[in-house]
Structure formats: structure tokens, C-alpha cells
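Asker:
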Amino acid sequence: MSPLEIPANDPRPRLHYPLAETCFHKIMVALARWVFKPIMVMDIRGLENLPADGAAIVAANHLTNFDVFPLQFALPRPLFFMGKAELFQLGPLHAAFRQMGGFPVYRGEGDAWALEHSTRILAAGQLLAMFPEGTRSRGKGLDVAKTGVARLAIDTGAPIVTVSIDGSQRFFKQFPRRNHVRVVIAPLIYPHKNESAISLTEKMMYTMAANLPAELRGVYAENPPFNL
């Protein structure tokens, strides 16, 4: 299925997308924790690397659609997500996702509104969560990352919080045993105005790969051409 095109009468500029955590978000995260408790055990490492406040871009590998849950559970701050436009087509779901910090992006072309909203989230001092691969790997290992995260970090000066997730690809496959999910948060990567988006993307992805098991490192399995 090809990505959706930006509609001629784009409704997003007329809608309200919260730039702070809502009560609905708090309730839904608490409910989701309760739902996942019988099926998931989490091992969280490197939490001290997450800034207590201020803007940052959280960049994580994307194994399955379930990644958003361990990612948000692992981090004590609300995450604001960029999601593919296809998920926002139903009005009630769009409204719920907005209250959860989600916003749609039309893939495959330049989406100026999504980029502008991303900068608004960071200007508000929040955490913007993105999956640099752009699509799910389904446990087959990291794919070549797009440079969007790096370009946004360079343009805004926001540091990158690199997160490596392992285990979400096995959800429900071990039931009734609880599934173990490991989340590793790496030290912050600060962008430099004089570095290229490709260089920063490689630094981010090799850091991500270093905290994943060998079978999930994919195209970043080889030793990086620089010191991490």
C-alpha cells in the first residue's frame, strides 16, 4: 500500500495538538501499564542518561507496533510521537492520538506541517519520539536510517536520546509466560552545526546497534568507522 498523500484541505492546522501532557495521556499510560503487567517484564538500563527536563529527540529502533509501549513505560516523561497518517484516518482515533501526544506525518514527501509541529514540541521543552528507520524491521535487524532525526536535531540544537529495544518482537509468542523486554538508553548525542546529517545519523545508529544483540544490528552490525 502506497503512503497517503497530503489532502488538499489539510485539517491539521485547524486542530489542537497539545504541547504538554494531558490527563487523558496519564490515564491511558496507567491503564496500559496494568494491561501489559501480566505479559511483560522490563529491564531498563541507562535511565540516568535521560534529561530530567528540556527538549530532546528520542530515537529508537522499530521492531513492531508494540514498541511505543515499552518505550513510554521506560521513560518517566511523556513522549510526543510522529505517526504515519494512515493511523489517524478515523476521527475518534485521531482525537485520542492527539490527546496522547501523537500527530500524523504523510510519508514519502516533504511534510512541512509535521516538521513545524515537531519544532513546536521541542520548543515547548518536550520529548519528541521518532523511529529513524521509518518502518518496522519485524525483528530482522536495523535497516538503513533516514536522516530526518539528525536534520531536526541540527536545526533545533536538541540532543538525541538513543534508545535500543529488544523483546517487543516476541510479544504473545511465549504466552502465558511473561515476555522480557530490554530497553537501553545511551548517553546523549549532541548535534554540531558543522556536521552533516549523514554523519550524525551514523553516529546515532551505530550507538543504537551497540546496545542491541548481534542479530538485531542489521546493516549497522559492522564496527563503526569512528569511535563511539
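Counting in this note's numbering, the sequence shown runs from 535 upward without gaps. Glycine residues also receive a C-beta, built at the ideal position from the N, C-alpha and C atoms.
Val-695 and Ala-590 - do their beta-carbons sit closer together than 8 Å?
Answerer: yes
Asker: Distance check for Ala-630 and Ala-731, CA to CA, integer angstroms please.
Answerer: Taking the straight line joining both Cα atoms gives about 33 Å.
Asker: Look up Leu-577 in the DSSP assignment and say whether it is helix, strand or coil.
Answerer: Before going on, a small fix: residue 577 reads as Asp here, not Leu. Asp-577: strand per DSSP, three-state reduction.
Asker: Would DSSP call Ala-490 helix, strand or coil?
Answerer: The requested residue 490 is not part of the displayed model; the chain covers only 535 to 762.
Asker: Determine the DSSP secondary structure at Met-562, reduced to helix, strand or coil.
Answerer: helix
Asker: What residue range is occupied by the uninterrupted alpha helix (DSSP H) comprising Met-739?
Answerer: 731–744
Asker: Roughly how far, in whole angstroms, is the beta-carbon of Arg-592 from the beta-carbon of Leu-613, given that I think they are within contact range, below 8 Å?
Answerer: The amino acid occupying residue 592 in the given sequence is Val; Arg does not appear at that position. Rounded, the Cβ-Cβ distance is 6 Å, consistent with contact.
Asker: What is the DSSP secondary structure of Thr-556, counted as helix, strand or coil?
Answerer: coil
Asker: When the Cα of Gln-606 is compared with those of Gly-644, Ala-743 and Val-563, which residue comes out closest?
Answerer: Val-563
Asker: At the level of alpha carbons, what is the spacing between Leu-609 and Ala-542?
Answerer: 37 Å
Asker: Just to confirm, does Arg-567 get its C-beta within under 7 Å of one of the non-hydrogen atoms of the ligand MG?
Answerer: The ligand content of the structure shown is nil, which means the ligand MG is not present either.
Asker: DSSP on Thr-653, reduced to helix/strand/coil?
Answerer: Helix.
Asker: Roughly how many whole angstroms lie between the Cα atoms of Gly-588 and Ala-743?
Answerer: 26 Å
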